[in-house]
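Taking my numbering, the leading residue of the sequence shown gets 18, the next gets one more, and so forth.
Backbone N, C-alpha and C define an ideal beta-carbon position, used for all residues, glycine too.
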Amino acid sequence: MTDADRPAVAELICISTNDWYQRHGRSPVFPGGPSATTIFADVYEALDPGCCVVAEDLTTGRIIGSCFYHPRPTHVSLGIMNTHPDCAGKGVASALLRFITDFADRERKPVRLVSSAINLDSFSLYTRAGFVPRCLYQDMWLAVPADGLNNLPADAARARDATLHDVAAMMALEMEVAGICRDKDYRYFIENRAGFWRVAVMPGAAGGLAGWIVSSGHSGLNMIGPCVARDEATALALLVRELDHYRGRSPLFLVPVECSVMVRDLYTRGARNCELHVSQVRGSWQPFRGVSMPTFLPETA
Ligand SMILES: CC(C)(COP(=O)(O)OP(=O)(O)OC[C@H]1O[C@@H](n2cnc3c(N)ncnc32)[C@H](O)[C@@H]1OP(=O)(O)O)[C@@H](O)C(=O)NCCC(=O)NCCS
C-alpha cells in the first residue's frame with residue numbers, strides 16, 4: 018500500500034466488512050462509512066509504516082484486497098484482512114495471506130491473529146493456511162451509565178495511569194503470560210500522539226506489574242484492550258476501571274470464555290454479547306499463563 022492508496026483501502030475495509038455482515042443478516046459494522054475505517058490505516062501505518070499488502074485488479078487498477086501485518090521480535094501479527102465483495106471466493110485473501118506467511122517463514126516467526134468465529138469465510142481462510150484456533154473470546158459491550166458504574170472492584174483503586182517507565186515491566190508481564198514481546202506497541206499507546214489512547218497498570222509485587230490495560234476512545238472504535246493480567250481479579254479490576262472512564266458510551270471488549278468470574282461480573286453490570294472471536298496461531302504457541310484480552314487495533318491474539 019502506498020500513501021495514495023490509503024483512502025481506497027479505508028473504503029475497501031468499510032464496504033467489504035459491512036457487505037459481509039449485511040449479507041449474513043446482521044447490522045453493518047461501520048454504519049458511518051469509510052470515515053470510521055481510516056483509523057485502521059492511520060494506526061497501523063504509524064506503528065509499522067509500509068506493512069500493508071494490497072491486491073490490485075490489473076485491468077482497472079482498482080484495489081480489491083488489503084491486509085496489514087506487524088512484525089514483532091517474537092511473532093508477526095496480522096491485522097484487518099479484506100476482499101472486495103465483487104471479487105469474493107477468487108483467492109484474493111489467500112494470496113495476501115501467503116505474502117505474509119512467506120514473510121513470517123523467512124523471519125522464522127509464528128503468525129498470530131484474531132478472527133471471527135461466526136464468519137466461516139475468514140475462519141476457513143486461516144485454518145486452510147495452517148493456523149490453529151487456540152482461544153475463544155466473547156465480544157461484549159456495556160452501556161456505561163452517564164453517572165458511572167457502581168461497585169468498582171476494590172483493586173481498581175490501586176491501578177494508575179501508565180508512563181514510559183512502565184514499558185519494561187509491561188513487556189516482562191506479557192512475556193510471562195503469553196510468551197510474546199511487543200514493546201513498540203506499548204510505547205505507541207503511552208506516547209498517545211493520536212490523542213485517543215489510554216493505558217493503565219496495576220502494580221504487583223517487587224516492583225513488577227500484576228496487569229496492564231489499553232483502550233481506544235476513538236469515535237469510530239471505542240474498544241478496551243489489549244489487557245494482560247496475572248489473574249482474573251486483576252483483569253476485571255482494570256477493565257471495570259477503564260469502562261467507568263467511558264461514561265455515556267458503550268465500549269467493546271473481548272473476554273476469554275474461560276474467564277467465568279469476569280463474565281459473570283460483567284453480565285451483572287448489563288454487558289451483552291455481540292459476537293465471538295477466536296485467536297489463531299500458525300506456528301509455535303504457549304497456553305496463556307494468566308489472562309490475555311486482545312483487540313482489533315492492533316490485532317494481537
Ligand atoms: C474473509 C474474506 C477476507 C475472504 O476473502 P476471499 O478473497 O473471498 O477468500 P479466498 O477466495 O482467498 O478464499 C479463502 C480460502 O478459504 C477457503 N474456504 C472458504 N470457505 C470455506 C469453507 N466453508 N470451508 C473450507 N474452506 C473454505 C477457500 O477455499 C480458500 O482456500 P484456498 O485458497 O486454499 O482454496 C472476505 O470474505 C472478506 O473480506 N470478508 C469481510 C471482512 C472479513 O471478514 N475479514 C476477515 C476478518 S479480519
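Should residue i be listed as close to ligand 1, given that the test is whether its C-beta is under 7 Å from any heavy atom?
i	result
Asp74	no
Ser132	yes
Leu153	no
Pro289	The sequence shown places Arg at residue 289, not Pro. No.
Thr100	yes
Arg129	no
Arg299	no
Ala110	yes
Arg145	yes
Leu314	no
Lys107	yes
Ser309	no
Ile80	no
Leu271	no
Leu283	no
Asp103	no
Ile32	no
Leu238	no
Asp138	yes
Between the Cα of residue i and those of the options, spot the shortest distance and give me the residue it belongs to.
i	options	result
Arg145	Pro315, Leu114 and Gly165	Leu114
Asp103	Thr91, Ser111 and Gly82	Gly82
Val218	Met188, Gly234 and Gly212	Met188
Ala134	Cys152, Gly67 and Ala252	Cys152
Val272	Glu208, Val184 and Ile230	Ile230
Ile56	Asp36, Ala211 and Gly242	Ala211
Ala185	Ala21, Pro170, Arg175 and Tyr203	Tyr203
Gly224	Leu190, Ser267 and Met98	Leu190
Ser267	Ser111, Asp282, Ala288 and Val274	Ala288
Gly106	Lys126, Leu75 and Ser139	Ser139
Pro48	Arg281, Glu28, Ala171 and His101	Glu28
Apart from the five residues just before and just after residue i, which ones in its own chain have a Cβ nearer than 6 Å to its Cβ?
i	result
Val131	His294, Ser296, Pro311, Glu316 and Ala318
Ala163	Arg264 and Gly265
Tyr143	Ser132 and Gln297
Asn290	Gln155 and Met157
Ile207	Ala179, Leu181 and Val216
Excluding sequence positions up to five away, which residues of its chain have a Cβ less than 8 Å from the Cβ of residue i?
i	result
Ile117	Val70, Cys84, Tyr86, Val93, Leu95 and Val128
Val194	Val245, Ala246, Arg247, Phe305, Arg306, Gly307, Val308 and Ser309
Asp59	Ala211
Val161	Leu260, Asp261, Tyr263, Arg264, Gly265, Arg266, Ser267 and Pro268
Can you find the residues in the same chain that come closer than 7 Å, C-beta to C-beta, to residue i, ignoring five residues on each side of it along the sequence?
i	result
Ala25	Ile80
Ala173	Ala254, Val257 and Arg258
Ser323	Since the first and last residues shown for the chain are 18 and 318, residue 323 lies out of range.
Asp119	none
Taking residue i as part of the beta strand (DSSP E), name the residues at either end of that continuous run.
i	result
Met18	Segment: none, Met18 is in no beta strand (DSSP E) and carries neither H nor E.
Ile230	Leu226 to Gly234
Phe85	Ile80 to Pro88
Glu293	Just to set this straight, residue 293 is Leu in the shown sequence, not Glu. Note, Leu293: beta strand (DSSP E), Arg289 to Arg299.
Arg215	Trp214 to Pro220
Ser132	Val128 to Ser133
Tyr154	Val149 to Trp158
Could you pull the start and end residues of the alpha helix (DSSP H) that residue i belongs to?
i	result
Cys276	Premise fails: Cys276 is in no alpha helix (DSSP H) and is neither H nor E.
Tyr205	Asp200 to Glu208
Arg123	Val109 to Glu124
Gln39	Arg23 to Arg40
Glu316	From DSSP, Glu316 is part of no alpha helix (DSSP H); its letter is neither H nor E.
Ile56	Thr55 to Leu64
Val93	No alpha helix (DSSP H) holds Val93; the beta strand (DSSP E) holding it covers Val93 to Thr100.
Ala195	Val184 to Ala195
Val245	Not the alpha helix (DSSP H): Val245 falls in the beta strand (DSSP E), residues Asn239 to Ala246.
Ala250	Glu249 to His262
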